[in-house]
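The next block holds one structure in the form of structure tokens; read it before the comments.
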Amino acid sequence: MKTKPSRIPARARRPRAILWAAAGAATLGFLVALECAARGYGLPGPITHHAREVVFAPDSGPLLYAGLALSMVVLTWRQRLVATGAAIGIDVAFFLVRWAAGAEMNFGNGALWVVLGIAVVAVTRRTGAERLLLLKGSGLGLLLVAGHKTGDTWLLITSKTRPTVLDPYVALADHALGDPSWLAGRIVEATEPIGPFLLHVVYGQLPLAAALVGLYQLRHVAVERRFPAHHLVRTFLVIGLLGPAVYMVFPVVGPVYAYGADGGAWAVGHLWPDILPSIGAPQPIPFDGITPRNCMPSLHTAWAVTFFVHTRKGSRAMRWAGTFWLVATLSATLGFGYHYGVDLVAGVVFALTVEAAMRSLAHGWDRSATWLVAHGTVVFTVLLVAYRRLPQEMAAYPWAYGPLLLLAMASVVHGYLRTTARWGTTAAPEPHREPQPPQPRPEPV
Numbered sequence: 003m004k005t006k007p008s009r010i011p012a013r014a015r016r017p018r019a020i021l022w023a024a025a026g027a028a029t030l031g032f033l034v035a036l037e038c039a040a041r042g043y044g045l046p047g048p049i050t051h052h053a054r055e056v057v058f059a060p061d062s063g064p065l066l067y068a069g070l071a072l073s074m075v076v077l078t079w080r081q082r083l084v085a086t087g088a089a090i091g092i093d094v095a096f097f098l099v100r101w102a103a104g105a106e107m108n109f110g111n112g113a114l115w116v117v118l119g120i121a122v123v124a125v126t127r128r129t130g131a132e133r134l135l136l137l138k139g140s141g142l143g144l145l146l147v148a149g150h151k152t153g154d155t156w157l158l159i160t161s162k163t164r165p166t167v168l169d170p171y172v173a174l175a176d177h178a179l180g181d182p183s184w185l186a187g188r189i190v191e192a193t194e195p196i197g198p199f200l201l202h203v204v205y206g207q208l209p210l211a212a213a214l215v216g217l218y219q220l221r222h223v224a225v226e227r228r229f230p231a232h233h234l235v236r237t238f239l240v241i242g243l244l245g246p247a248v249y250m251v252f253p254v255v256g257p258v259y260a261y262g263a264d265g266g267a268w269a270v271g272h273l274w275p276d277i278l279p280s281i282g283a284p285q286p287i288p289f290d291g292i293t294p295r296n297c298m299p300s301l302h303t304a305w306a307v308t309f310f311v312h313t314r315k316g317s318r319a320m321r322w323a324g325t326f327w328l329v330a331t332l333s334a335t336l337g338f339g340y341h342y343g344v345d346l347v348a349g350v351v352f353a354l355t356v357e358a359a360m361r362s363l364a365h366g367w368d369r370s371a372t373w374l375v376a377h378g379t380v381v382f383t384v385l386l387v388a389y390r391r392l393p394q395e396m397a398a399y400p401w402a403y404g405p406l407l408l409l410a411m412a413s414v415v416h417g418y419l420r421t422t423a424r425w426g427t428t429a430a431p432e433p434h435r436e437p438q439p440p441q442p443r444p445e446p447v
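Structure, rendered in structure tokens:
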């Protein structure tokens with residue numbers, strides 16, 4: 003006896019499809035807007051940078067292969083071997099042609115071709131859920147690379163559109179925390195050459211470490227034929243998307259530029275990290291049109307905090323790696339003079355607020371999730387207002403404002419731990435799935 007198929011799954015899937023379409027349209031619109039903004043300054047934007055790497059020498063081969071690795075989580079092991087071989091073969095062909103023509107040498111075109119090929123196969127040779135899965139995998143790899151290009155364009159825009167910076171305000175507010183950047187800078191100098199070398203490696207390889215953790219979290223996608231509800235790469239991409247927008251509101255270059263030798267003629271003085279600057283009434287200071295205004299908040303801190311959070315449920319080695327990367331990244335951001343202490347406080351609040359919002363999308367919004375995200379947003383806003391409007395008071399009364407800053411940050415940390423612990427004891431509602439007939443084994447790409 004035949005039964006009429008239920009229409010509930012179709013209605014349940016329709017809002018999700020609309021959400022994906024809206025997210026895709028918003029992302030495309032954002033990239034186009036950044037492309038137009040960069041073109042206004044006579045420079046290529048993220049779309050142009052991405053498109054030229056299909057043929058010309060890429061800027062970052064390892065990043066493209068990291069994107070390919072993320073895309074291949076949707077493939078079977080046989081398909082992964084075929085995809086990897088195809089990427090290497092294409093790169094060898096490009097290498098030989100460039101070598102013969104005397105052109106610029108680099109690698110990574112093959113990885114990008116294969117990522118795009120996965121999308122083409124999904125559209126032309128797959129249907130239904132299998133097509134969507136392959137498109138998600140390809141999109142994840144492309145977004146990793148596009149996020150890097152978008153960040154470069156954002157930094158260009160901040161340097162061109164913000165002729166003055168607010169470093170005197172932040173440096174004055176940093177007195178409330180005891181000027182940690184000046185202290186850390188002297189410590190790093192005292193550990194040369196081993197200390198700076200190790201911190202540079204950790205600071206520069208944070209994206210690679212995050213990609214490895216992301217691959218670990220996505221290791222079952224090929225078998226289960228679906229992505230987990232939440233993973234590290236999602237939060238990383240959202241932090242990189244939202245963070246630079248704050249740079250436009252609160253442009254800061256960092257102590258090594260504003261008060262150090264790296265600032266050249268634009269620096270207030272070559273004081274960092276040996277001499278604390280004497281600041282009266284803070285005023286915005288003019289700065290060059292090259293240095294990015296990328297300090298407030300510290301996105302490296304935000305990414306390191308997110309990396310730390312996502313390694314808590316891994317193996318012991320992964321937990322130790324997460325702790326090491328967090329401590330080393332915070333030490334590098336301060337010790338190299340890239341950030342002030344108050345930048346790091348804002349970065350922690352920013353990271354946990356974004357992570358809470360992303361987890362809420364996976365778990366389901368409830369009252370605790372709404373309060374947590376609202377609380378984090380309010381605390382982050384209050385921090386920025388205090389740095390801008392109350393820096394003299396914060397410097398004059400460090401015994402009061404220093405603990406207040408730390409308590410504000412701790413309140414967000416406590417709220418995040420309490421809310422996510424409660425989520426851990428209540429399973430997220432499972433979406434209703436329509437029974438599917440057995441599907442044929444996917445053909446190799």
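Residue numbers (the numbering used here): 3 to 447. Backbone N, C-alpha and C fix where the C-beta goes; we use that ideal spot for every residue, glycine too. Because the structure is a prediction, the values reported are computed rather than measured.
In the DSSP assignment, Asn-111 falls within the alpha helix (DSSP H) that extends over 111–127. Residue environment for Met-107: exposed (fewer than 16 other C-beta atoms within 10 angstroms of its C-beta). In the three-state reduction of the DSSP assignment, Pro-288 falls in the strand class, which pools E and B. The beta carbons of Ala-178 and Met-360 sit about 31 Å from each other, so the pair does not count as a contact at 8 Å.
Leu-98 has its alpha-carbon roughly 44 Å from the corresponding atom of Arg-318. For Val-167, the pairing in a beta bridge is given by DSSP as Ile-287. For Ile-241, the closest C-alpha among the options Phe-309, Pro-198 and Pro-294 is that of Phe-309. Two segments are said to touch when three or more pairs of C-beta atoms, one from each, lie closer than 8 Å; by this definition the region 342–354 touches the region 293–303.
Taking Leu-210 as the centre and dropping the five residues before and after it, the same chain places the C-beta of Pro-64 and Ala-68 closer than 8 Å to its C-beta, in chain order.
In the structure shown, Ile-277 falls within a coil segment according to DSSP collapsed to helix, strand and coil. The three-state secondary structure of Cys-297, taken from DSSP, is coil.
Looking from the CA of Val-76, the closest CA among Arg-133, Thr-160, Ile-189 and Cys-38 belongs to Arg-133.
By the C-beta density criterion, Met-250 is exposed, having fewer than 16 other C-beta atoms within 10 angstroms. In the displayed model, Arg-228 falls within coil according to three-state DSSP, outside both helix and strand. Taking C-alpha positions only, Phe-289 is separated from Pro-165 by approximately 6 Å. Burial state of Thr-152 is buried, judged by a 10 Å Cβ sphere holding 16 or more other Cβ atoms. Annotated as proximal: Trp-425 and His-365, with beta-carbon spacing under 9 Å.
Contact between the region 138–152 and the region 41–59 is established, with three or more Cβ pairs separated by less than 8 Å. Using a Cβ distance threshold of 9 Å, Thr-303 and Ala-260 do not count as a contacting pair.
Nearest to Ala-40 by alpha-carbon distance, out of Asp-154, Gly-104 and Gly-119, is Asp-154. In the displayed model, Leu-157 falls within a helix according to three-state DSSP. Boundaries for Arg-221: no alpha helix (DSSP H) harbours it, and the DSSP string shows neither H nor E there. Residue environment for Ala-175: buried (at least 16 other C-beta atoms within 10 angstroms of its C-beta). Exclusion of the five residues before and after Asp-264 leaves Val-258 as the residues of its chain whose Cβ lies within less than 6 Å of its Cβ. Here Ala-113 really is in contact with Leu-66; their C-beta atoms are around 4 Å apart, less than 8 Å. Just so you know, the alpha carbons of Arg-54 and Ala-105 end up roughly 15 Å apart. In the DSSP annotation of this structure, Met-74 is not part of any alpha helix (DSSP H), being labelled neither H nor E.
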